[in-house]
RNA sequence: CGGGAGGUAGUUCAGCCCGGUAGAAUACCUGGUUUGGGACCAGGGGGUCGCAGGUUCGAAUCCUGUCCUCCCGACCA
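Residue numbers (this note's numbering): 88 to 578.
Put into C-alpha cells, the structure is as follows:
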C-alpha cells in the first residue's frame, strides 16, 4: 500500500486528507459528511478536551448535559438565531419504522408523525435558555457558569475531515450574568482561555479579535474569535466567544430580581471550540512525511523501537527499555515500547513519523555496548546519540524544546504573513501571491465587506483586540477609516 | 445545490471504448530466512464488480434510474 503523503506543493487538499487518513486520525464513514474518529485521533481529542476542561473549571465553570433534540418552536424564538441556522438543520419528523408492505426493508411509519418536529441541535442556546428560565429567579442564582461537551449537527453542503463535518464534537459554554459588564468580562476571559490553550498546548499562535457584523454569530451582540494561519496561507477560525447581550434572555423570558427588587433580563455569553481544532493542528505543523503533533497533547510522546538479532539481544534490550520507560513514566511522559516482531525497524520509523510522535528512541546491540540510545525528534528530523545516564530528563527537556520550537516556527511563519496594504492592487497581489493576513483599512460597511469578498474571496477575519488606531482610507472605496482590519482567505 | 471525476479483493487501482471463466500490486494467513530507514523466498485464503431496473443466448463492460464518495464553486465552525 502506498503510504506516501502528497506533497504540499502538489495539492494542498490532498496533502491534508492524506495526513488525516494515513496519520490514523479519522476515516470517512458510511454517512454523508460524517467521519469516524479513530482511536488515535480520539486520544488526541481527549488530551485537548482534558486540558480545556481543566481550564474551564479553573475559571469557575461546571459541566452539565442538555438534550440532543430541540423542539422546532424553540429555535425560532430568537429571530437572528433561527435565520442563521435554519438552512443547515437536520429534522426529526417521525418516531417509528415499520416493515415495508411492498418489500423486505423497513419504511417510516406515516402514522408515527411527530406533532412538533425536533431539530437535531446545531448549537444549544435555545434548549439551554429554555432551561435557564426555570433556574434563575434572583441575583443570587447568578452567575450561572455551565459548559457542556457534546456533539452537534450542521448539515453542510460540502464537508472536509475535521474542518467541516456534518456532525462534530465540541464544547459549548453558556453563562448567565447580572450585568452586561460581567458578561463581557466573561466573553473576554473565555477568549483568552482559548488563545492560551491554542498557543501553549497546540503550539498554534492565534490572533485575538472581534468579528465584523456580517461574520457575527446568529443572535450575538459581539463575537470574539481566535484566528490561526495555516501553511497554505489561509486563515482558520479556531474558536469563538460570544457576548449575547439580553437577546436570548428576552426570547426565552429569563428575568431575575436584582438587589433593588426589580425584574431584569439576564446577560448571556456562549463560547465553543470543536474538533476543528484537530484540523488546525494538522494544517499548521505537519510536513510531507506526515503529522507533527505538539508534545503537550500528542497521544504518544515517545516511541521506543528495538533493533535486534535473536532472542538473547532482544532480552537485553527489553531489560534496558524497561528502565527507560519506568523513568519516563515517573516523569509523566506518555511512552510506548513497540517490540512488535512483525514489523521491521524501518517500517516503524516511517509509521510513527506519519503519526507525528514527537520523539523516537531506537535502541540496538550497538547502543547497549556504548550505553547510549539513538534519539530522533519529529519536528526537525534530527537524530543524535544520547547517553542512558539521565535519559529521562533529557527526553523531558527535548519534549519542551519541540513544543516551543513548533510554536516559534508557526509564529515566525504567521508573523511574516501579516502584510500591511494600502491600495487595492497591492491587496489583490498579496492575497494571490503570498497569502496570509492582510492588514488593510476598511470603511466599516457591510456593503464594502461584501464587495471585497465577491472580488477576492477574502473575508474580514477579525478586528484585532489590541489594534492601533490609525487614520486611513478604505482601499476599495477610499472612504475614511480609523483602523486596519485583518482580511484573509479562510477555511 | 451547480460543474468535474469516481464507486471492481482489507487498501490503491487495471479491466469497460470494442459484452464471452474476476485481474495486479499491496495488505492478510502458513512456514522459513531476516531485522540500524517502509525485507525476502515458497505456499495459501479473500470480490453477489455501489444498488435497482432494462437490452442480450450471455453484462463489471451497453442503456435508464438511484445512492454514495472525492475535487472545484455557492453556504458555513
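Backbone N, C-alpha and C define an ideal beta-carbon position, used for all residues, glycine too. Owing to the predicted nature of the structure, the values given are computational and were not obtained by experimental measurement.
Leaving out five residues on either side along the sequence, give the residues of the same chain with a beta carbon under 6 angstroms from the beta carbon of residue 138.
Taking the first residue of the first chain as 1, we reach residue 138 at position 51. Setting aside the 5 residues that flank it on each side, residue 138 is surrounded in the same chain by 288, each with a C-beta closer than 6 angstroms to its C-beta; the list follows chain order.
Since residue 451 and residue 395 should fall inside the 8 angstroms C-beta cutoff, what is the C-beta to C-beta distance between them, to a whole number of angstroms?
Translated into the one-based positions of the first chain, residue 451 becomes position 364. Translated into the one-based positions of the first chain, residue 395 becomes position 308. About 6 angstroms separates the beta carbons of residue 451 and residue 395, which is inside the 8 angstroms limit, making them a contact pair.
Looking at the structure shown, is residue 504 part of a helix, part of a strand, or coil, going by DSSP?
As a first step, residue 504 must be located in the first chain, where it is residue number 417. DSSP places residue 504 in coil when its eight states are reduced to three.
For residue 350, three-class secondary structure by DSSP:
Numbered from its first residue, the first chain carries residue 350 at position 263. The answer is strand: DSSP assigns residue 350 an E or B state.
With a 10 Å radius around its C-beta and 16 neighbouring C-beta atoms as the bar for buried, classify residue 438 as buried or exposed.
Taking the first residue of the first chain as position 1, residue 438 is located at position 351. Answer is buried; the Cβ neighbour count reaches 16.
Reference residue 455, options 430, 524, 443, 474, closest by Cα:
Numbered from 1 along the first chain, position 368 holds the residue referred to as residue 455. Nearest of 430, 524, 443, 474 to residue 455, Cα basis: 474.
If you drop the 5 nearest sequence neighbours on each side, which residues of the same chain put their C-beta closer than 6 angstroms to that of residue 99?
Here residue 99 refers to the residue found at position 12 of the first chain. Cβ within range, chain order: 319.
Beta-ladder partner(s) of residue 374, from DSSP
In the first chain, counting from the first residue as 1, residue 374 sits at position 287. Beta-bridge pairing links residue 374 to 377.
Indicate the three-state DSSP secondary structure (helix, strand or coil) for residue 135 in the structure shown.
Here residue 135 is taken as the residue at index 48 of the first chain, counted from 1. Residue 135 falls in the helix class under three-state DSSP.
Return the bridge partner residues of residue 358 from the DSSP annotation.
Looking up residue 358 in the first chain gives position 271. Beta-bridge partners of residue 358 (DSSP): 260, 328.
Going by DSSP in three states, residue 227 sits in which element: helix, strand or coil?
To locate residue 227, count along the first chain from 1; it is residue 140. DSSP places residue 227 in helix when its eight states are reduced to three.
Have a look at residue 209 and residue 417 and give me their C-alpha separation to the nearest angstrom.
The sequence position of residue 209 within the first chain is 122, counting from 1. The sequence position of residue 417 within the first chain is 330, counting from 1. Residue 209 and residue 417: Cα-Cα distance of roughly 43 angstroms.
Collapsed DSSP secondary structure at residue 529 in the structure displayed:
Translated into the one-based positions of the first chain, residue 529 becomes position 442. Here residue 529 sits in coil by DSSP.
Would a C-beta distance cut-off of 8 angstroms place residue 331 and residue 306 closer than the cut-off?
The residue given as residue 331 occupies position 244 in the first chain. The residue given as residue 306 occupies position 219 in the first chain. Their beta carbons are under 8 angstroms apart, which means residue 331 touches residue 306 by this criterion.
Could you spell out where the beta strand (DSSP E) holding residue 463 opens and where it closes?
What you label residue 463 is simply residue 376 of the first chain in a count that begins at 1. For residue 463, the enclosing beta strand (DSSP E) covers residues 459-464.
For residue 168, count the other beta carbons within 10 Å of its own beta carbon; 16 or more makes it buried, fewer makes it exposed. Which is it?
Counted from its first residue, the first chain places residue 168 at position 81. Counting of Cβ neighbours within 10 angstroms places residue 168 among the buried residues, the total reaching 16 or more.
Would you check if there are 3 or more beta carbon pairs closer than 8 angstroms linking the region 171-182 to the region 126-141?
With fewer than three CB-CB distances shorter than 8 angstroms, the region 171-182 does not count as touching the region 126-141.
Kindly list the residues whose CB is nearer than 6 angstroms to the CB of residue 387, restricted to its own chain and excluding five residues on each side of it in sequence; keep chain order.
On the first chain, residue 387 is found 300 positions in, with the first residue counted as 1. In the same chain as residue 387, and ignoring 5 residues on each side of it, the C-beta atoms closer than 6 angstroms to its own belong to 421, 423, 444, in chain order.
Quick one: what does DSSP say residue 440 is sitting in, helix, strand or coil?
On the first chain, position 353 is the one that residue 440 refers to. In this structure, residue 440 counts as helix in the three-state DSSP scheme.
My assumption, with CB atoms under 8 angstroms, is that residue 358 sits in contact with residue 296. Please give the rounded CB distance.
Along the first chain, read from residue 1 onward, the residue named residue 358 stands at position 271. Along the first chain, read from residue 1 onward, the residue named residue 296 stands at position 209. The pair is not a contact, with the Cβ atoms about 15 angstroms apart (cut-off 8 angstroms).
Skipping 5 residues on each side, what residues in its chain have a beta carbon closer than 7 angstroms to that of residue 57?
Residue 57 lies beyond the stretch modelled for the chain, which goes from 88 to 578, so this question has no answer here.
Leaving aside the five residues before and after residue 459 along the sequence, list all residues of the same chain whose C-beta is less than 7 angstroms from its C-beta, in chain order.
Taking the first residue of the first chain as position 1, residue 459 is located at position 372. Only 472, 473, 474, 475 meet the Cβ criterion.
Give me the Cα-Cα distance between residue 145 and residue 257, rounded to the nearest whole angstrom.
Taking the first chain and counting its residues from 1, the one referred to as residue 145 is at position 58. Taking the first chain and counting its residues from 1, the one referred to as residue 257 is at position 170. Straight through space, the alpha carbons of residue 257 and residue 145 are spaced by roughly 19 angstroms.
Could you pull the start and end residues of the alpha helix (DSSP H) that residue 267 belongs to?
Within the first chain, residue 267 is the residue found at index 180, counting from 1. That run of the alpha helix (DSSP H) goes 267-287.
Residue burial classification, residue 246 (beta-carbon count within 10 angstroms, cutoff 16)
Mapped onto the first chain, residue 246 falls at position 159. Classification for residue 246: buried.
Provide the residue(s) that pair with residue 312 in DSSP beta bridges, ordered along the chain.
Locating residue 312 in the first chain gives position 225, where the first residue counts as 1. DSSP lists 296, 327 as partners of residue 312.
Do residue 181 and residue 194 have their C-beta atoms closer together than 8 angstroms?
By one-based count along the first chain, residue 181 stands at place 94. By one-based count along the first chain, residue 194 stands at place 107. Not a contact, by the Cβ cut-off of 8 angstroms.
Rounded separation between residue 570 and residue 264 - CA only:
Reading the first chain from its first residue, position 483 is the one you call residue 570. Reading the first chain from its first residue, position 177 is the one you call residue 264. Straight-line Cα distance between these residues: approximately 31 angstroms.
Let me know if residue 253 comes out buried or exposed under the rule of 16 or more other beta-carbons within 10 Å of its beta-carbon.
Along the first chain, read from residue 1 onward, the residue named residue 253 stands at position 166. Counting Cβ neighbours within 10 Å, residue 253 comes out buried, since at least 16 surround it.
Which whole-angstrom value is the C-beta distance of residue 206 and residue 178, which I expect to be below 8 angstroms?
In the first chain, counting from the first residue as 1, residue 206 sits at position 119. In the first chain, counting from the first residue as 1, residue 178 sits at position 91. That pair is a contact at about 6 angstroms.
Residues near residue 123 by beta carbon distance below 8 angstroms, same chain, minus five either side
Residue numbering aside, residue 123 sits at position 36 when the first chain is read from its first letter. Residues of the same chain with a CB within less than 8 angstroms of the CB of residue 123, apart from the 5 flanking positions on each side, are 113, 114, 115, 116 in chain order.
Alpha carbon to alpha carbon, what distance is there between residue 356 and residue 414?
Indexing the first chain from 1 puts residue 414 at position 327. Indexing the first chain from 1 puts residue 356 at position 269. Using only the alpha carbons, I get a separation of about 45 angstroms.
Buried or exposed: where does residue 311 fall if 16 or more other Cβ atoms within 10 Å of its Cβ makes it buried?
Here residue 311 refers to the residue found at position 224 of the first chain. Residue 311 is buried by the Cβ-count criterion.
Considering Cα atoms alone, identify which of 216, 234, 409, 158 is closest to residue 201.
Mapped onto the first chain, residue 201 falls at position 114. Of 216, 234, 409, 158, the smallest CA-CA separation from residue 201 is found for 158.
Quick check on residue 150: buried or exposed, where buried means 16 or more other Cβ atoms within 10 Å of its Cβ?
Reading the first chain from its first residue, position 63 is the one you call residue 150. Exposed, since its Cβ has fewer than 16 Cβ neighbours within 10 Å.
Extent of the continuous beta strand (DSSP E) to which residue 161 belongs
Locating residue 161 in the first chain gives position 74, where the first residue counts as 1. From DSSP, residue 161 is part of no beta strand (DSSP E) but of the alpha helix (DSSP H) over 159-162.
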